[in-house]
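Encoded as structure tokens, the structure appears first; notes follow it.
Residue numbers (this note's numbering): 4 to 294.
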């Protein structure tokens, strides 16, 4: 009997090229999941189903998405990497692949996910990175946005930031980290949570934008959160500025998915020492029990 092995892979993609992550039976729009399953199945020479750490919406990007799949095919890591990437369309590529323990699961073993949202806060939009940054031409006060964001730290019912089509069983999530940082015209919102609701990050940004414009006070974030009512919040911000940048797994799985990127941002993070490990990594380093 042929042994079935489990593999994990780190995937990068430009969401502009795809109609979201999840494959859909009722339309023929390209999705990241469908592209990856087709490419991996071709290399494996049998049908392969994949599972991801966090599904992303149309237009949303990823630098450190993590998937896993099972296969009885005997391939080297190099063959998986090169073979799959050769069969993928432009806009998606595997960055790393290796065999992992059968107990590993990209979704259920993830202890936290991290996103970054990038805003080009300048009078004119970018011609070269129009699909990788959200352009907001009105001046934004990043300091006030950061102050408002701190109301979301900890465990909360995030119903006010939950899209109506969200299928999550519970709106209660734990926000481990949230911070707004500015470099010139570039503003970044970084968020780490146990999990995220559908459109949660984009709806949080939709509240932060009026606060940054100083049309709403900093305390409006807490007021919106406490209502648990989506209709009391702001707009759903565009998807092109949003990146899935990392997943926290227990260290025994050895999946290299620490927060990274996007590439245009990484030099700024490195130069300023802003890069932060996951909350669980900090706890483990201090000898404390992980979350």
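No residue lacks a Cβ here, since even glycine has one placed at the ideal position from N, Cα and C.
Assuming residue i and residue j are in contact, meaning their beta carbons sit under 8 Å apart, how far apart are those beta carbons, in whole angstroms?
i: residue 142; j: residue 160; result: Between residue 160 and residue 142 the Cβ distance is about 32 Å, and since that is not below 8 Å, they are no contact.
i: residue 53; j: residue 36; result: 6 Å
To the nearest angstrom, how far is it from the Cα of residue i to the Cα of residue j?
i: residue 270; j: residue 281; result: 19 Å
i: residue 209; j: residue 137; result: 12 Å
i: residue 169; j: residue 59; result: 12 Å
i: residue 152; j: residue 46; result: 45 Å
i: residue 102; j: residue 6; result: 13 Å
i: residue 89; j: residue 76; result: 18 Å
i: residue 171; j: residue 197; result: 13 Å
i: residue 78; j: residue 87; result: 11 Å
i: residue 221; j: residue 44; result: 50 Å
i: residue 131; j: residue 40; result: 30 Å
i: residue 293; j: residue 287; result: 6 Å
i: residue 127; j: residue 178; result: 33 Å
i: residue 139; j: residue 80; result: 42 Å
i: residue 114; j: residue 253; result: 8 Å
i: residue 183; j: residue 148; result: 7 Å
Is DSSP giving residue i helix, strand or coil here?
i: residue 155; result: helix
i: residue 99; result: strand
i: residue 234; result: helix
i: residue 12; result: strand
i: residue 184; result: strand
i: residue 57; result: coil
i: residue 81; result: helix
i: residue 281; result: coil
i: residue 64; result: strand
i: residue 75; result: coil
i: residue 116; result: strand
i: residue 251; result: strand
i: residue 195; result: strand
i: residue 313; result: No answer is possible for residue 313: the residues shown for the chain start at 4 and end at 294.
i: residue 168; result: coil
Take the Cβ of residue i as the centre, count every other Cβ of all protein chains shown within 10 Å, and call the residue buried at 16 or more, exposed below.
i: residue 49; result: exposed
i: residue 105; result: exposed
i: residue 251; result: buried
i: residue 111; result: exposed
i: residue 146; result: exposed
i: residue 133; result: exposed
i: residue 243; result: buried
Could you tell me whether the region 185-204 touches the region 117-135, where touching means 3 or more Cβ pairs closer than 8 Å?
yes
When you compare the region 209-226 with the region 15-32, are there three or more beta-carbon pairs, one atom per stretch, that lie closer than 8 Å?
They do not touch, by the three-pair rule.
Touching by the beta-carbon criterion (3+ pairs, under 8 Å), the region 223-240 and the region 248-268:
no
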